[in-house]
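Participant: The structure follows.
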Amino acid sequence: MKIDDKSIKQMMMFGQSTSMLGLCLPGLIESHPEIMVITADQAYPAGLDSFKAKYPDHFLNAGIAEQNMIGMAAGIAETGKRVICVAQACFITMRAYEPIRQFCGYMGVPLILVGISSGFGLTMMGNTHYALEDIALMRTIPNMAIACPANPIEAVTALEEALVHDGPVYIRLNGMKETQLAPNLNNENCILTDGTDVNIISTGSMVKNSLEAVNILKEKGISARLFNARTVRPLNPDAIDLDIPMTVTVEEHRKTGGLGDAVADVLSPYGAKLVKIAVENDYPTPGSYSYLLEQSGLMPDQIAERIIKTIR
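Counting with the numbering used here, you get residues 3 to 314 for the letters of the sequence shown.
See below:
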């Protein structure tokens, strides 16, 4: 699907889920008539109301029943449909983990799982609604690909690639406008900045904050390479640069099981230095999005400070 300048401007005005599902899915269904969308009562939050109205035969609402949604999706997929399941990231990965394990992992059903409002996206709803373990859980499912777009345009690309991927895919969407990158950063080169002192590998919502941290580091005389890990699984091999003495991973996810551990699996045979900047093993006090990031040390100045202290 070709994205023109007008579409880019329109997408950057909205969150990831609205841009991907509400604006671009109607165009994708023309070339993929096998698409079936099932939501766990999330049509409005995911920007799917117009799609539901225009393509009622391609849409189902399973209600607030994520486990049932996955079972329904697996059955429909067996009829030749390409099923996209949409729910809050915390519930599609945690509440529905067992059926995903059975159907997508054990049976190999190629469902496309879309988790909206990942990380701290649901802010004031509290720790029951934060998705900070979703990458870790999906990494345990054999053959599950994991995409973490950094902006709405990357989200559309992730969906396009998922539709032709031979296997299950989890697409992790944040949707907070604070995380959106400028359109000119949407290119095939995932290396956003070159550097020699530290290699920063960031994913999803934290790419923007990491880019701002790189600018702070530059003012302090530290040269940083920044890699945008659009997929955590498979991890792009270009993310790793063994010629740089220190690697830092930054993610809006718990320190256990996420991007940091994916990078550690690659670096461990080389004994390379790795610093993981992520949510610690605690439950933060609910509040605004920036307040939650600050508690977890994920604001740009905090990321830069952590790197400076480690280097010096």
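Note that CB positions come from ideal geometry on N, CA and C, so glycine has one too.
Let me make sure I understand the geometry here. Which of GLN90, MET38, GLN104 and ALA138 has the alpha-carbon closest to that of LEU261?
Facilitator: Here the closest residue by C-alpha is ALA138.
Participant: What did DSSP end up calling LEU50 once you bin it into helix, strand or coil?
Facilitator: LEU50 falls in the coil class under three-state DSSP.
Participant: Contact defined as beta carbons within less than 8 Å: I believe VAL85 pairs with ILE78. What is the distance between those atoms, to the nearest angstrom?
Facilitator: Indeed, because the Cβ distance is near 5 Å, the residues count as touching under 8 Å.
Participant: Buried or exposed: ASP263, going by 16 or more other Cβ atoms within 10 Å of its Cβ?
Facilitator: Counting Cβ neighbours within 10 Å, ASP263 comes out buried, since at least 16 surround it.
Participant: Could you round the C-beta distance between ASN153 and PRO288 to whole angstroms and report it? I think they count as a contact, below 8 Å.
Facilitator: Contact doesn't hold; Cβ gap of about 26 Å is too wide.
Participant: Whose C-alpha, out of SER292, LYS222 and ASP243, is nearest the C-alpha of ILE310?
Facilitator: Closest by alpha carbon: LYS222.
Participant: By Cβ distance, which residues of its chain are closer than 7 Å to ALA67, with the 5 residues on each side in sequence left out?
Facilitator: Answer for ALA67: ALA42, listed in chain order.
Participant: When the Cα of ILE143 is compared with those of ILE155, TYR108 and GLY121, which residue comes out closest?
Facilitator: Checked all of ILE155, TYR108 and GLY121; the closest Cα to ILE143 is TYR108.
Participant: Could you pull the start and end residues of the alpha helix (DSSP H) that ASN63 belongs to?
Facilitator: It is not in any alpha helix (DSSP H) - ASN63 instead sits in the beta strand (DSSP E) that spans 61-63.
Participant: Checking the sheet assignment: what are the DSSP bridge partners for LYS1?
Facilitator: Residue 1 cannot be examined here, being either before or after the span of the chain that is shown, 3 to 314.
Participant: Nearest CA to the CA of VAL2: which residue from ASP168, TYR99, CYS150 and ALA241?
Facilitator: The structure shown has nothing for residue 2, since the chain only spans 3 to 314.
Participant: Which first and last residues belong to the alpha helix (DSSP H) in which LEU113 is found?
Facilitator: Note, LEU113: premise wrong, no alpha helix (DSSP H); not H, not E.
Participant: By how many angstroms is the C-alpha of MET38 removed from the C-alpha of THR195?
Facilitator: Straight-line Cα distance between these residues: approximately 39 Å.
Participant: Beta-carbon separation of ALA231 and THR205 under 8 Å?
Facilitator: In this structure, THR205 lies closer than 8 Å to ALA231 by Cβ.
Participant: Would you report the Cα separation of VAL281 and GLY65, rounded to the nearest angstrom?
Facilitator: Each residue's Cα considered, the two are about 31 Å apart.
Participant: Using a threshold of 8 Å, state whether the C-beta atoms of VAL252 and ALA226 are closer than that.
Facilitator: Not a contact, by the Cβ cut-off of 8 Å.
Participant: Span of the beta strand (DSSP E) holding ILE86?
Facilitator: From DSSP, the beta strand (DSSP E) with ILE86 extends over 84-90.
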